Amino acid sequence: MPRYAGRQGRGEENRDRLLRLLHQRSPVTRATIGRVLRLSPAAVSHLLHRLLVEGLVVEEDLPEGQRQTSRGRRPSAIRLNPRFAQAIGLEVTDVEVHGVLVDFAAQPLVQVHHRLPALLNPQGVLAALETVARSLMHHPLRGETPLLGLGVGVHGVVDPERGVSHTFPPMEAWRDVPVARLLAQRLGLPVFLDFRLYAATLAELLHGEGRHHRCFAYLNAADGATLGLGYVEGGRILRGQLGLVGQLGHLCVEPDGRRCFCGSRGCLITVASPRAVVERAQEEIRAGVETSLAAVARRRAMAGESLVFSDLVQAFHQRDKLAVDLLAQAAHYLGLGIAHAVNLLNPAVVILGGVLAGAGDEFVHMIDRTVARHTVPRAYQQTVLKPSRLGAQAGALGAAALVIQRLVEERGIEPPPPVEAVL
Ligand SMILES: [Zn+2]
């Protein structure tokens with residue numbers, strides 16, 4: 037079992053600051069720790085000795101090529117000890133639950149996907165979250181390593197402090213569901229909740245392209261009716277008054293367009309979300325348009341499934357005319373949305389995440405052409421459009437990072453609280 041420490045005095049304060057730094061930037065050298073925390077080499081050594089004894093961190097030789105040649109201590113890299121503990125992250129959209137078990141250094145150990153039924157109800161979603169969490173809690177790769185808790189990135193509007201999910205579109209019956217309390221009761225673990233867009237943005241900030249930029253925007257699109265834009269400035273995710281920053285999907289791009297579940301018309305989500313694009317493809321197939329997607333849809337239907345965005349991407353790369361037309365149209369609208377974001381926020385990089393990450397360079401170039409036409413030239417020239425390396429895993433990884441972040445950065449590593457204390 038890991039050893040935990042109390043939290044008083046300057047020593048404890050420095051210990052917390054060092055853990056925070058390691059959670060955000062592992063691995064780091066002793067010199068970096070000294071510089072960032074403004075500590076002497078002796079103070080760094082003292083602090084690290086304690087964390088090494090507690091088993092919270094490990095010290096390894098720097099890889100060849102990164103070794104310094106200066107005199108003094110053998111250069112080494114300090115990182116959180118992956119074997120200290122584990123955490124589980126779940127992301128739930130309106131079509132699936134994606135779960136991941138990570139070690140203390142945030143490396144994924146096991147991943148699970150669970151498709152939600154077509155007709156959603158609150159009990160079914162909670163049961164699916166519980167099933168995926170249990171399958172990871174009892175996975176053979178878990179071993180004896182302590183489990184810190186469960187993070188959940190939820191679709192819809194969320195109160196992360198109270199652990200309550202207010203809405204879950206398009207489910208009318210889902211109102212103010214205390215997801216954290218219900219799952220904590222069922223699973224006997226501390227549970228932390230956040231909006232799935234912010235969980236995915238956190239993953240990009242800690243483990244993705246966002247590590248290298250002071251300010252970045254992250255466009256997240258998962259299978260289903262989801263399209264949001266996370267924005268980070270100075271290491272902080274912008275949330276706004278109610279945690280609703282980033283509703284890019286509800287930017288109006290066709291004032292007389294289709295009705296959106298938000299009540300408005302012609303929202304970006306109705307023309308460029310993965311679901312909207314797939315629905316257009318299904319309509320065209322039903323209308324008898326000649327396309328290779330018709331056969332894919334039939335195969336999917338025989339397995340009780342329906343077309344997904346990656347089917348369109350595959351057909352696009354095979355130059356299927358319908359897929360090319362639909363993705364060109366989606367790229368145009370996504371480009372419009374991103375152009376608005378670039379004009380408003382001036383990010384250094386816009387990361388294309390979720391299912392968009394795997395759509396390929398040609399798709400990114402099509403988006404980029406529209407962005408170029410509708411942005412302030414200077415802002416455009418200084419902004420890079422990049423696919424995410426984390427792809428569709430970002431939401432679940434970020435939900436797991438949420439557990440480590442809340443415990444390491446805000447409460448300090450203490451014994452996991454009894455379940456009653458987190459209700
Ligand atoms: Zn809308």
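For the sequence shown, our numbering gives the first residue as 37, with consecutive numbering after it.
For every residue, glycine included, the Cβ atom is placed at its ideal position computed from N, Cα and C.
Just so we're clear, the structure is a prediction, and the values are computed from it rather than from any experiment.
Would you check if the distance between the CB atom of residue i and the CB atom of residue j is smaller than 7 Å?
i      : j      : result
Leu284 : Gly373 : yes
Leu184 : Ala121 : yes
Gly431 : Gly189 : yes
Val325 : Leu358 : yes
Leu152 : Val131 : yes
Ala377 : Leu304 : no
Ile387 : Tyr254 : yes
Met408 : Gly125 : Note that residue 408 corresponds to Ala in the displayed sequence, not to Met. No, the Cβ-Cβ distance between Ala408 and Gly125 is not below 7 Å.
Leu427 : Ile403 : A small correction: the amino acid at residue 427 is Gly; Leu does not occupy that position in the sequence shown. Contact: no.
Phe345 : Val289 : no
Val268 : Leu229 : no
Gly135 : Arg425 : no
Leu225 : Leu186 : yes
Ala437 : Ala220 : no
Ala393 : Pro423 : yes
Val385 : Val420 : yes
Val133 : Ala164 : yes
Ala113 : Glu90  : no
In its own chain, which residues sit with a C-beta less than 8 Å from the C-beta of residue i, not counting the 5 before and 5 after it?
i      : result
Leu343 : Val314, Ala317, Gln318, Leu329, Val332, Ala333, Arg336
Gly490 : This structure does not reach residue 490, given that the chain is present from 37 up to 459, and the question cannot be answered.
Asn50  : Leu73, Leu75, Ala79, Leu83
Mind checking who residue i pairs with in its DSSP beta bridge?
i      : result
Met207 : Phe204
Lys422 : Ile387
Asn256 : Gly264, Gly389
Cys303 : Cys288
Pro144 : Val138
Leu84  : According to DSSP, which records beta bridges pairwise, Leu84 is partnered with nothing at all.
Glu95  : Ile114
Gln122 : Asp139, Leu183
Gly189 : Glu127, Asp230
Cys529 : The first residue shown for the chain is 37 and the last is 459, placing residue 529 beyond what the model contains.
His150 : Val133
Arg295 : Arg301
Asp397 : According to DSSP, which records beta bridges pairwise, Asp397 is partnered with nothing at all.
Tell me which same chain residues have a C-beta within less than 6 Å of the C-beta of residue i, skipping the five on either side of it?
i      : result
Ala41  : Low local confidence applies: a pLDDT of 45 at Ala41 is under 50, so the model's placement there is unreliable, and no value is given.
Val349 : Ala395
Pro176 : none
Val307 : Tyr369
Ala351 : Ser328, Leu329, Ala359
Asp347 : Val332
Arg66  : Val80
Asp361 : none
His202 : Val193, Asp212
Let me check understanding here. Comparing Cα to Cα, which of the options lies closest to residue i?
i      : options                        : result
Asn117 : Val325, Gly125, Asp259, Gln143 : Gln143
His150 : Ala141, Val360, Phe140, Leu162 : Leu162
Gln147 : Gln429, Val215, Arg442, Thr406 : Gln429
Arg115 : Val80, Gly293, Arg61, Asn157   : Arg61
Asp259 : His59, Val412, Tyr267, Val128  : Val128
Leu155 : Pro205, Ser112, Leu421, Gln277 : Pro205
Pro111 : Ala141, Ser171, Ala123, Pro63  : Pro63
Cys251 : Ala67, Gln418, Arg211          : Gln418
Asp52  : Ala366, Arg275, Leu87, Arg71   : Leu87
Taking 7 Å as the limit between beta carbons, can you name the residues of its chain near residue i, skipping five residues before and five after?
i      : result
Ser309 : Ala257, Ala261, Thr262, Leu263, Gly285
Gly47  : none
Met37  : At Met37 the pLDDT is 37, less than 50, meaning the model places this residue with poor confidence; the figure from the coordinates comes in the next sentence. These residues qualify, in order along the chain: Pro182.
Val444 : Leu55, Arg56, His59
Is it buried or exposed, residue i, if we count other Cβ atoms within 10 angstroms and call 16 or more buried?
i      : result
Leu280 : exposed
Val93  : buried
Met338 : exposed
Ala236 : buried
Leu380 : exposed
Gln441 : buried
Ala209 : exposed
Arg414 : exposed
Leu296 : Reading the sequence as shown, one finds Cys at residue 296 and not Leu. Flag for Cys296 reads buried.
Establish whether the CB of residue i and some CB of chain B are separated by less than 7 Å.
i     : result
Glu96 : Given the protein chain composition of this structure (a single chain), no chain B is represented.
> Around ligand 3, which residues pass a check of Cβ closer than 5 Å to any of its heavy atoms?
Replying inline: By its list of ligands, the structure shown excludes ligand 3, since it contains just ligand 1.
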